[in-house]
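Residue numbers (my numbering), protein chains in the order written: chain A, 33 to 410; chain B, 33 to 410. Worksheet: one structure, shown below.
Number of protein chains: 2
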Amino acid sequence: MSSRDLIHATYRLRADRDEARRLARFIAYEQTVELPERLVTDPALLRDVVGQVESVEPADDGCFAARIAFDAGLASGQLAQLVNLVYGNVSMYPGIRLQALELPGSLLARFAGPGFGIAGLRALLGVHDRPLLATAVKPRGLAVEALSKLAHDFALGGGDIVKDDQNLVDPDFDAFRRRVEAIAAAVARANARTGGRTLYFPHLSARHEDLHRHAAFVREAGLRGVLLCPHVLGFDTARAVAQAHGLVHMAHPALSGALTQAGDNGIEFGLAMGTLLRLAGADISVFVAPGGRFRFSEAQATRLAQACTEPLGALAPAFPCPAGGMDITKFPHLCQRYGRETVFLVGGALQAHDPDFARATAAYREAIERCTVVGHPT
Amino acid sequence: MSSRDLIHATYRLRADRDEARRLARFIAYEQTVELPERLVTDPALLRDVVGQVESVEPADDGCFAARIAFDAGLASGQLAQLVNLVYGNVSMYPGIRLQALELPGSLLARFAGPGFGIAGLRALLGVHDRPLLATAVKPRGLAVEALSKLAHDFALGGGDIVKDDQNLVDPDFDAFRRRVEAIAAAVARANARTGGRTLYFPHLSARHEDLHRHAAFVREAGLRGVLLCPHVLGFDTARAVAQAHGLVHMAHPALSGALTQAGDNGIEFGLAMGTLLRLAGADISVFVAPGGRFRFSEAQATRLAQACTEPLGALAPAFPCPAGGMDITKFPHLCQRYGRETVFLVGGALQAHDPDFARATAAYREAIERCTVVGHPT
C-alpha cells in the first residue's frame with residue numbers, strides 16, 4: 033500500500049489477544065466493504081478498499097491496540113465521511129474505542145481548519161503575551177438588561193471574550209436579534225470607555241433553516257465570533273456556518289461526553305475535542321477542567337491541549353479552553369499547567385468572587401497577568 | 033409548575049441514594065442556569081428556569097432513577113436545543129444516562145416529524161400487507177455497473193427498497209450524479225419489466241455546503257428518498273435536508289453507538305434511535321438486530337421498535353428497520369418478533385444466499401410473504 037495516501041487509525045480493544053486480532057479484521061472489513069470476509073474476493077477490493085491491519089499490540093489495562101490503515105480516498109475529503117469511515121459502524125460494537133488518528137497531508141489539505149486560530153484571535157484582541165480570560169453570560173432567564181450588564185462589566189474589568197451560555201437560546205430570530213444587539217452595544221460602550229477590544233460571541237443555535245440567517249446577523253452586527261455546539265449541530269454544520277460568515281468558532285463541548293466518557297467505547301478525548309474540532313474549524317475548544325464539578329483527569333486535559341496545538345497539516349492551532357471550578361487562587365497553578373496559549377473560561381467562580389463583576393474580572397485578569405508563563409505548559 | 037408545559041426527563045444514575053439525590057439537583061441546575069445553587073436566589077429563576085426534581089427512586093442494577101421537569105420553553109422549539117437541554121452538559125458527567133423523555137404537545141407541535149411515515153412509505157410502494165424488504169448496494173469500490181446490477185436484480189426479484197451503503201460516498205458531485213443516475217436507471221428498467229415500484233435511496237453525505245445540491249439532484253432524478261446518517265450529520269441537519277426536498281428519510285445508525293453503547297452514560301437506545309429520530313423526521317430507523325455481528329439485546333430492539341411507532345403528538349410513526357445477520361431461515365421468527373410494520377434490511381446474507389441476486393431477493397421476499405403476521409409484534 034506504500035504508494036497510496038493512508039489514514040492510520042488506532043483502536044483500543046477490550047479483548048484478549050485472539051479476540052483482538054479477530055476484532056481488528058472485523059473493523060477493517062466492517063468500516064469499508066461492510067461484508068463478511070468470505071464475500072470479498074475481488075483483488076482490487078482487497079487491495080484498495082478493505083482496511084489493512086498493521087499491528088495488534090498489548091495496550092494499557094489488559095487491552096490491545098490495533099492499528100489499521102485505510103485508503104485516504106475513502107474519506108472523500110469530507111469530515112462527515114471521515115468520522116463515518118473511522119468510527120461509524122464500530123461505534124455500535126462493544127469494547128472498541130478510537131484512540132488515535134494519523135491523517136495524510138493530502139486529506140488534511142481538504143480542510144481549511146480554524147479560520148483564525150491562536151494567532152488570528154490574538155490579532156483581533158491585540159493581546160499577545162498572556163493567556164486569555166473568558167466568561168459566559170448567564171443564566172438563561174435573566175432579563176436582557178441584566179445579561180448586558182454582566183457583559184459590559186466583564187469588558188470594563190478587562191476580560192477578553194464574553195460568550196453566551198450554551199443554554200442561552202431565544203424563542204425566535206427577533207428575540208435573538210434584540211438580545212444580541214443589546215449585549216453587543218453594552219460591550220461596545222465598555223470598550224469605548226476602556227479603549228479595550230473585548231469580544232462578544234453569541235451562541236448560535238437555531239433550526240437548520242435559520243442558522244445562516246442568525247450567523248449573517250451576528251457578522252453584520254460587527255461581532256467577530258460565535259459559540260457553537262458542534263457535537264449537537266454536527267461537526268460539519270458547525271464548521272460551515274462559522275466559515276461562511278468569517279466568524280471565530282468557539283466550540284462548546286455539549287453532548288461530547290457521549291463520544292468521550294465511556295472508557296471502552298467512543299473516541300479518545302483529545303481526538304474528539306482537539307483534532308476533529310480543528311477539522312471542524314474550531315478556533316477555541318472549551319472543555320471541562322480537571323478539579324471542577326466534572327471528573328476529568330489531568331492526562332485528558334493534557335492530551336486535549338496537545339491535540340489543539342500540535343502540528344496538523346497546515347491547519348492553524350486552536351486555543352484549548354479549560355472551564356469549570358476556576359477559583360482565582362488556582363491561577364498560578366493553572367497558568368503553569370496550561371501555558372500561555374490558553375483561554376481560561378471562568379463562569380460561576382467569577383460571579384461568586386465579587387458582587388461587582390467589573391472588579392471580579394479585573395482581579396482575575398490581574399491573576400492571569402501575574403503568572404509569568406512561557407509559551408508551553410510544563 | 034402545573035400551569036406550564038413541562039418536559040419530564042428521567043435519568044438513570046449510577047450512585048447510592050444520597051449521591052443520586054445530589055446528582056439530581058446537580059442536573060436540574062447544570063442543564064438550565066449552569067450555576068451553583070447558592071448563586072441562584074432570584075425567585076423567578078428558581079420557579080421558571082431551574083429544573084424541578086420530581087422524584088428519585090431505586091432503579092435496576094443498584095442504580096437510581098431521577099425524574100426532572102424542565103420548562104418546555106427552554107427547548108426553544110428546536111431539536112438541537114432540546115438535546116442540549118436534556119443531555120448537553122451532563123453527557124460529560126460520569127454515571128448519568130438519559131433514560132426517558134416525555135414531551136408536551138406544545139413542544140411536539142413544533143416538529144413536523146416523519147414526512148412520510150409508515151403509511152406514506154407504504155403508499156409510495158403500494159405494499160400494505162407485509163413487512164418490507166430492503167438491501168444495501170455495496171461494497172464501495174465496486175464499479176458503477178456492478179452496483180447498478182445489484183440494484184437492478186434486487187428490483188427484479190421483488191425487493192422494496194434498495195439503498196446505498198453508508199460507506200458509498202463519491203469523491204465529488206459529478207461522480208455522485210453519474211453513479212446515482214446509473215443505479216436509478218437500472219432500478220427503473222427492472223421496475224418497467226416487473227411492473228413493481230422498488231425504490232432506490234442514495235446515501236447523502238457531502239460537505240455541508242453541498243448537501244442541498246445533492247438532495248435537489250436526487251429529487252430531480254425522480255427518486256423519492258435518501259439514506260442519511262443523522263448521528264454524524266447532526267439530527268437537525270438530517271431533518272432539514274430531507275424535509276426541504278420532500279424526500280423519505282432513511283436513518284442509518286452510524287456513530288449512534290457513541291450515544292447508546294455505554295451502559296452508565298449516554299442516551300437510552302429507543303430514545304436515541306426512535307423518539308429523537310422521529311423528531312429528526314426519520315421515516316425509517318435502521319438498527320442492528322440482535323443475533324447479528326453486533327451485540328444488541330432483544331430488549332433494546334423491542335424498545336426501539338416501540339419508540340418508532342408509539343404515540344408521539346401528531347408525529348407519524350416510523351418503520352423500525354433491523355439489519356445484520358438476517359439469514360433466511362430466521363424469517364418466521366423475525367416476522368413474529370417485529371410484526372408487519374417493519375423494514376427488514378438484508379445485506380451480506382442476501383448476497384451470500386444465491387449468486388443470482390434476483391433469485392436471492394425473490395427467495396427472501398417469499399420468506400417474508402410466507403409469514404402470516406399481524407400488525408403488532410408478539
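Just so you know, even glycine gets a beta-carbon here, dropped at the ideal spot from N, CA and C. Predicted model only: the values in this text are computed from it and were never measured.
- The residue from L111/A, L117/A, L77/A, D93/A with its alpha-carbon nearest to that of I59/A is L117/A.
- With the rule of 3 Cβ pairs closer than 8 Å, the segment 326-340 of chain B does not count as touching the segment 263-273 of chain B.
- Taking a cut-off of 8 Å for Cβ pairs, the segment 151-160 of chain B and the segment 317-327 of chain B do not touch, as fewer than three such pairs fall below it.
- Per DSSP, the beta-bridge partners of L130/A are Y43/A, I299/A.
- Among the CB atoms of chain B, one or more fall inside 7 Å of the CB of R327/A.
- Pairing G191/A with L279/A, the inter-Cα distance amounts to about 20 Å.
- Between Y61/B and chain A, the shortest Cβ-Cβ separation is not below 7 Å.
- Contact annotation, D196/B with V169/B: C-beta distance approximately 5 Å; criterion of less than 8 Å satisfied.
- From the beta-carbon of E241/A, the residues of chain B found nearer than 8 Å are A272, A276.
- In chain order, A168, K170, P171, R172, D197, Q198, N199, G379, G380 make up the part of chain B whose C-beta sits under 9 Å from the C-beta of E66/A.
- Ranked by Cα distance from T42/A, the options L130/A, D103/A, S123/A, V81/A are led by L130/A.
- Beyond the five residues adjoining it in sequence on each side, E401/A comes within less than 7 Å, by CB distance, of R162 in the same chain, given in chain order.
- By the Cβ neighbour-count rule, H365/B is exposed, with fewer than 16 other Cβ atoms within 10 Å of its own.
- Inter-segment contact for the segment 214-222 of chain B and the segment 230-248 of chain A is absent: fewer than three beta-carbon pairs are separated by less than 8 Å.
- Around the beta carbon of S138/B, fewer than 16 other beta carbons sit within 10 angstroms, so the residue counts as exposed.
- If you check the CB distance, T307/A and G298/A do not come in under 7 Å.
- Beta bridge pairing from DSSP links V88/A with A98/A.
- As the crow flies, the alpha-carbon of R36/A is around 27 Å from that of D242/B.
- The segment 379-391 of chain A makes no contact with the segment 77-85 of chain B: fewer than 3 CB pairs, one atom from each, lie closer than 8 Å.
- DSSP places G137/B in the helix class (H, G or I) of the three-state scheme.
- Listed along the chain, the chain A residues whose CB falls inside 7 Å of the CB of M124/B are P285, S288, G289, Q293, V320, F326.
- Our two residues, A333/A and A333/B, have alpha carbons roughly 37 Å apart in a direct line.
- Within its own chain, the residues whose Cβ lies closer than 6 Å to the Cβ of D185/B, once the five positions on either side in sequence are excluded, are F389, A390, listed in chain order.
- Interface criterion not met: the Cβ of V88/B is under 7 Å from no Cβ in chain A.
- Residue environment for G254/A: exposed (fewer than 16 other C-beta atoms within 10 angstroms of its C-beta).
- For S237/A, the chain B residues whose Cβ falls inside 9 Å of its Cβ are S108, Q110, A112, Q113, N116, in order along the chain.
- With a threshold of 16 other beta carbon atoms within 10 Å, A331/A falls short and is exposed.
- In this structure the segment 51-58 of chain A lies against the segment 85-99 of chain A, because at least three pairs of beta carbons, one per stretch, are closer than 8 Å.
- Check the Cα spacing between P349/B and each of I360/B, L336/B, A355/B, G356/B: the tightest is with L336/B.
- By the criterion of at least three beta-carbon pairs nearer than 8 Å, the segment 171-180 of chain A is not in contact with the segment 132-148 of chain A.
- Looking from the CA of P136/A, the closest CA among P126/A, L309/A, A47/A, I39/A belongs to I39/A.
- Interface with chain A (7 Å Cβ-Cβ cutoff): T334/B is excluded.
- When G120/A, E89/A, P90/A, R79/A are compared, the shortest CA-CA separation from D103/A is found for R79/A.
- Excluding its 5 nearest sequence neighbours in each direction, V375/A has C-beta neighbours in its own chain below 6 Å: L164, A166, I316, F351, C353, listed in chain order.
- In the three-state DSSP reduction, T167/B falls in the strand class (E or B).
- Between M358/B and the set A346/B, E373/B, R397/B, L344/B, the nearest pair of CA atoms involves R397/B.
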